Amino acid sequence: MNRRKRADIPPGAETPLDAAVTGRDRSILSMVAEAIRHRQCMLAFQPVMQAQPPHGVAFHEAFIRVTDETGRVIPARDFMPVVEDTELGRELDAVALEIGLRTLLRNPTLRLSINMSARSIGYQRWMRVLSRFLDKDATLGERLILEITESSAMLLPELVMDFMDRLQPQGICFALDDYGASNFSFRHFRNFLFDATKIDGQFVRGAATNPDNQALLRALVSVAKEFDMLVTAESVEAVQDAEFLVSIGVDCLQGYLFGAPTVSPPWKEKKRASA
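Numbering (our numbering), first residue to last: 92 to 366.
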């Protein structure tokens, strides 16, 4: 059977693979748009643990989830890469912030970190959500951590720095997510003044037996400490890795070793039990 090679396809023509990818992306965009329209969005919460005694929960990270037409919960990794550069990505950031702040309002002892893109800084709905909830309770800012990835921060550095300058006086903390994963220059720490860092999981998994990653992790922690930043290691899945991370000064540990993200966090279960 003769097969047509890619080289035989006229320039500009869409290949079957291209068509499949385009169709998949359109389907994802449609699914997310419908989920936002019908309020089929929720947050999943994962505990972030203190590395030192008493080893309690320092805070929870909130991850956006949507449900499809069958009611199946879809994790962010399955749709965020497609929508993050679109207006739907901005809408999801606003939805995640609104659900997260409502959760903080209902649970006065809770502290949450919520992901956002630097692109959402100028998005009016996102700012309106933040302002509305801070007007209800100004102390919410003291329990809110906003996570911005290295790559996102470097897209609009001046905008991010101005944004942080305006919100940090309200008690809001900022964490540099995926720390170490991109070409973020250490000199930018002097300008951004992040309160915390989240070390990218690719350096954490298997760290106890990987000398190269151990050297890199020590360097990342050392730099963060020089700038008085709280250091969290993501994707901690093994006891040996956790022990190594604690030994080099990591402040908080996050990963499946301590708990998976769940849409039924402990505070919800307690309220159901007492109802």
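All residues carry an ideal CB built from backbone N, CA and C; glycine is no exception. Just so we're clear, the structure is a prediction, and the values are computed from it rather than from any experiment.
- In the three-state reduction of the DSSP assignment, Ser-313 falls in the helix class, which pools H, G and I.
- For Arg-197, the uninterrupted alpha helix (DSSP H) segment begins and ends at 178 to 197.
- For Asn-206, the enclosing beta strand (DSSP E) begins and ends at 203 to 206.
- Among the bridge pairs identified by DSSP, Val-164 is matched with Thr-158.
- Distances from the alpha-carbon of Ala-333 to those of Thr-300, Leu-258, Leu-221, Arg-197 put Thr-300 closest.
- At a Cβ-Cβ threshold of 9 Å, Ala-272 and Leu-321 do not count as neighbours.
- Judged by their CB atoms, Glu-125 and Pro-352 are not nearer to each other than the 9 Å cut-off.
- For Val-174, the uninterrupted alpha helix (DSSP H) segment begins and ends at 171 to 174.
- Distance from the CA of Val-173 to the CA of Arg-181, rounded to the nearest whole angstrom, comes to 12 Å.
- With 16 or more other Cβ atoms from the protein chains shown falling within 10 Å of its own Cβ, Phe-335 counts as buried.
- Rounded to the nearest angstrom, the gap between the Cα atoms of Val-330 and Phe-318 is 28 Å.
- Asp-226 and Gln-345 have their C-alpha atoms roughly 31 Å apart.
- His-129 sits in coil when the DSSP states are folded into three classes, being neither helix nor strand.
- Counting only unbroken stretches of 3 or more residues, the beta strand (DSSP E) elements lying wholly within the region 238 to 277 are 264 to 270, in sequence order.
- Burial state of Gln-137 is buried, judged by a 10 Å Cβ sphere holding 16 or more other Cβ atoms.
- Val-322: member of the beta strand (DSSP E) spanning 321 to 324, first to last residue.
- A straight-line Cα-Cα distance of about 44 Å links Asn-282 and Gly-162.
- Taken through DSSP and simplified to helix, strand or coil, Leu-120 comes out as helix.
- Judged by DSSP secondary structure, Gln-215 falls within the alpha helix (DSSP H) whose first and last residues are 215 to 227.
- Going by DSSP, Leu-336 is part of the alpha helix (DSSP H) stretching over 330 to 338.
- Counted as a single uninterrupted DSSP element, the alpha helix (DSSP H) harbouring Arg-281 occupies residues 280 to 283.
- The alpha carbon of Val-186 has as its nearest neighbour, out of Phe-154, Asp-169, Ala-209, Thr-288, the alpha carbon of Phe-154.
- The residue among Pro-302, Met-207, Ser-118, Ala-310 with its C-alpha nearest the C-alpha of Met-255 is Met-207.
- Here DSSP, grouped into helix, strand and coil, assigns Leu-235 to strand.
- Under the DSSP definition of a beta bridge, Ala-306 lacks any partner.
- When only Cα atoms are considered, Ala-298 and Phe-280 end up about 25 Å apart.
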